[in-house]
Amino acid sequence: MNLTEKSKFENFKFSKENSFLIDNILKKYPANQLGSAVMPLLDLAMRQCNGWIPEAAMKEVGRLINIPFIKVYEVATFYSMFNLKPIGKYFIQFCTTTPCWLNGSDDLLEACKKYLKIKCGETTEDGLFTLKEVECLGACVNAPMVQINDDYFEDLNKTNLIKLLNDLKNENKVKIGTQIIGRRGAEPFKNMEKNKNA
Amino acid sequence: MIKLKVNNKEVEVPEGATVMQACEAAGEEIPRFCYHERLSIAGNCRMCLVEVEKSPKPVASCAMPVADDMVIKTNTEKVEKARKGVMEFLLINHPLDCPICDQGGECDLQDQSLYFGKSTSRYEDTKRAVEDKNFGPLIKTVMTRCIHCTRCVRFMDEVAGTHELGAINRGEGMEIMAAIEGGITSELSGNIIDLCPVGALTSKPYAFTARSWELNHNNSIDISDAVGSNIRIDEFNGEIKRILPRENDKINQEWLSDKGRFFYDGLSNQRLDKPFYKKSSKLVPCDWSLALKIIVEKLKLTNPDNVAAVSGALTDIETMYTAKEFFKNINVNNIDCRFNLSNIPTSNASDWLFNSGIENIDKIDKLFVIGCDPRREAAVLNSRIRQRWLTGNLDILSLCTPNDLSYKFKSLGDDISSLCNITVQNNIKRFFENSKFPMVILGDSILTSKQGENIHNLVKIICQDLNIIRSDWNGFNVLNKYASRIGGLSVGFVPYDGGMSALNIKNSLKDSKLKILFLIEADDFDVNIKDLKNAFVIYIGHHGDRYAGSSDIVLPTTAFTEKKSLFVNLEGRPQFTKKITSNLGKAVDAWKIFKALDQKISDKIKFNNHSELLKSIFENYPSISNIGNYVAQKWIKTNKKKVLLTSEKNNFNTNNFYQTCSISRSSENMANCVKTILKSKKVKDEFI
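Protein sequence lines correspond, in order, to chains E and A. To get my numbering, take the position in the first sequence, counting from 1, and add 8. To get my numbering, take the position in the second sequence, counting from 1, and add 1160.
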């Protein structure tokens, strides 16, 4: 992160669009319980700051919903899905829970690390990729899978994973969802055969 | 009331009580770490598990409300096993370093592991270690010992009102952390040391100076402010090791301000241990007889009208009473205990007392705070207001106060003269409408203004007009900040028969009219130090603080831990301090100096020892004879007319909480607080 970008985060203010969204979020809570809105607001702040929450943003959130900074900080540190450090352009959340693990996620993760030349929790030198190992993301039927930013990429194997990373790097168009050509969503493989035959 | 059975014993508890309270009513002791009577319920330590019939699992008794016909068992094998399991988990990451832990000997975890702990550990992995945090110069942290009961976090949120602590991360990674590194700013932060059930938070100044079982416990009272908090002073080898609060629901509940808790190291710095007299502009040590001889000769040669005496923030009643008798006998009427130049009226007790009583803060429904900073002048009392405010239905109005009083209020601004403004008056009138227990707190701080008397009178009139004073309720309260003040006013250590007040003494000193000035521990007397050269100054006190060096005679006295002495708190509640350590060098109790002087001049004072002195005080001032209790004082209506106030701005924002008396100014602990906390405060305020 360069200096100008850093100072941008030191004086955090919500953008106009987000302020509008916040007004609508706050309407959902009783006026004296605005503190309940801490999580949606932190999410908005994280989106506005390229995927992480600087301290200034936490202060701003606390100010908006009238709770002390430390209470916002407690929430932000409790949930692992809030990033408190800057991340790369593509935030890869690698699922390694049982179903994915049974389908070879360990090998895939190793391949991914080797390809990106980083360990879990690190960002590549060009600032493009951040890799993180996470627990089950609920897409077991398409295991193994990763989440990159807001999208799921499923049915991975070594070839299509490396291709996916390469495409992202070169800003080529990528297919969201299952990476097996011919499979629709989470449909059984048997169906896939049938569809092929039909 | 709800009836239920605890271990086959029938008990009755009020609705909404918890299972733990029911067990206690049945005489069963329940082990606990996170539960505390004065904090909200967290239910996260799981140590208080009990068995409830029809419940498949043991339940946490602190968080479980009682229901009719519950059958609770606390002595079954299941309960025992559950608690042992919890204890084993708590000890997994605990360092077990009791031999080098200051909490050792008074540690809840240590005590309870005696009953529920295994003798050996089954845990073979590496233990977790947590980095220590910087909680400032008063609190030492050893975070690896923390069991995450969150008592400290809840205390900061609920009682202290500064949201400085939090539990960050989760599970194995959970840590207690301050909002910003560098120290906790709250005036009540020391209490989290007492609350911590393990050795994670201990006292920094006390660290490794004694073991808890060697200490001698002495009950005394706090004189760092006028609240009169009950304290326990722990002494070892003739040295004061620490000060802890003592439970008294009528005054301080079980809290104590940081100043009262940590200023004790000032008692061993800068002390005066022998008399001095000035010989060719240098103070040289001498013996008592010479010092007294010089004073007596001086007094005999001087017109009594040119003699004055001012008492200070820590002066006890015995001294002021004896001094008053002495000065009366030599026709000196320029005596005053209002060393801060306050214009508080001196004739009726109800004019200077906290009439409603501290305890009754718990039931007020409207509060108007005028001209003071309760958070720093009476920290414990302020936290009581906050606790009342947290329970809801309390509206607070303020005028001339800082804006960080730890509760929300509507401010009328910083200008005291707005009390005369019609719209403001109507607002106040509307504010107090239909109030059952209205309270007005008028600060002694604002009474130091030149129009102090008029302010006092105006507030009195407002109280009378708005039905704040009734036969069953007196809502007019004065917030005094010095431990000695109420005592001085009670025994009449004030100018009489046209004598000069502290302000006039100051002016007369400036004009070189005054010949002899007695400063009785009066280091806070608001006077230019250069003016002291204009008179013969006799300093009587225990610290070489501000004025001792500029005096002509210095007489050493004992501090509050070296004598049994009487203090009256802001409600008018008399209480004794206790003699704990021996006198330092040639120091004597201050009242004995005046007794000796009297013997040499008029010889009219009859009492010869402390008990005779007390008898004499109680005979003359029966209202302060009931130790530990106070009597509601009769309200004397004011007949004086309203005087229009001139505009004067003040918000008492710049108060130095940590250094207000000679002891606290000599204390290194307090100096460290000023250095680290007050200076970094601005940065912090925006975080909290």
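C-beta atoms are modelled at their ideal positions from N, C-alpha and C, and glycine is treated no differently.
Residue i vs residue j beta-carbon contact at 8 Å
i	j	result
A:K1673	A:V1687	no
A:T1482	A:L1805	no
A:S1471	A:E1188	no
A:D1385	A:G1420	yes
A:D1268	A:P1357	yes
A:I1118	A:L1459	Residue numbering for chain A in the displayed model covers 1161 to 1848; residue 1118 of chain A lies beyond these limits and cannot be assessed.
A:C1532	A:T1561	yes
A:R1311	A:C1222	no
A:T1462	A:K1293	no
A:K1641	A:I1518	no
A:I1606	A:N1810	yes
A:P1464	A:C1446	no
A:S1710	A:L1692	yes
A:I1700	A:F1678	yes
A:I1837	A:T1286	no
A:A1339	A:F1295	no
E:N111	E:A147	no
A:V1239	A:E1284	no
E:E68	A:G1326	no
A:I1796	A:N1508	yes
A:D1604	A:C1821	no
A:C1623	A:I1615	no
Residue from the options whose Cα sits closest to the Cα of residue i
i	options	result
A:E1291	A:S1281, A:K1523 and A:E1335	A:E1335
A:I1328	E:K121, E:C144 and E:Y87	E:Y87
A:V1319	A:S1609, A:G1350, A:G1296 and A:S1725	A:G1350
A:S1725	A:I1411, A:K1169 and A:T1479	A:T1479
A:N1235	A:D1228, A:I1621, A:A1227 and A:K1244	A:K1244
E:I188	E:D175, E:L176 and E:M153	E:M153
A:L1321	A:K1568, A:L1692 and A:Q1819	It is worth fixing the name first, because residue 1321 of chain A is Gly in this sequence and not Leu. Looking at the Cα atoms, A:K1568 is the closest of the given residues.
E:W60	E:K125, E:A84 and E:K166	E:A84
A:G1359	A:I1601, A:V1302 and A:L1679	A:V1302
A:N1493	A:G1658, A:I1454 and A:N1729	A:G1658
A:I1353	A:N1376, A:N1397, A:R1402 and A:E1341	A:R1402
A:I1787	A:L1274, A:N1587 and A:N1729	A:N1729
A:F1817	A:A1538, A:P1191, A:K1233 and A:D1317	A:A1538
A:N1768	A:R1536, A:K1797 and A:A1756	A:A1756
A:G1652	A:I1615, A:I1784, A:C1623 and A:T1718	A:I1784
A:F1754	A:A1695, A:D1604, A:D1564 and A:K1488	A:K1488
A:R1536	A:A1750, A:I1713, A:N1813 and A:F1636	A:N1813
CA-to-CA distance, residue j to residue i, given in whole angstroms
i	j	result
A:Q1430	A:D1705	7 Å
A:G1331	A:I1201	20 Å
A:N1627	A:I1524	14 Å
A:S1609	A:C1261	50 Å
A:E1184	A:L1209	14 Å
A:I1848	A:F1368	Low confidence applies here, because A:I1848 scores a pLDDT of 46, under 50, leaving its location unreliable; read the following figure in that light. One C-alpha to the other measures close to 32 Å.
A:G1203	E:G43	22 Å
A:Y1781	A:S1650	8 Å
E:E143	E:Q155	11 Å
E:E141	A:F1276	39 Å
E:P48	E:L34	10 Å
A:I1521	A:C1833	30 Å
E:K183	E:C57	26 Å
A:G1573	A:V1584	10 Å
A:S1807	A:K1739	48 Å
A:V1219	A:G1398	48 Å
A:L1452	A:N1815	38 Å
E:C258	E:T138	Nothing in the structure corresponds to residue 258 of chain E, since chain E is present only between 9 and 206.
E:F28	E:P62	21 Å
A:E1457	A:E1828	39 Å
A:A1695	A:K1484	21 Å
Neighbouring residues, chain E, relative to residue i (Cβ below 9 Å)
i	result
A:A1339	P76, F77, I78 and Y81
Residue i beta carbon near the ligand COA (any heavy atom closer than 7 Å)
i	result
A:P1297	Of the ligands one can find in the structure shown there are none, so the ligand COA has no counterpart to examine.
Please identify, using Cβ separations under 7 Å, the residues of the region 72–97 of chain E that lie next to chain A, in order along the chain. Residues passing the 7 Å Cβ filter: P76, F77, I78, K79, Y81, E82, T85 and F86.
Using Cβ-Cβ distances below 8 Å, what residues of the region 1319–1335 of chain A are close to chain E? H1323, E1324, L1325, G1326, A1327, I1328, N1329 and R1330
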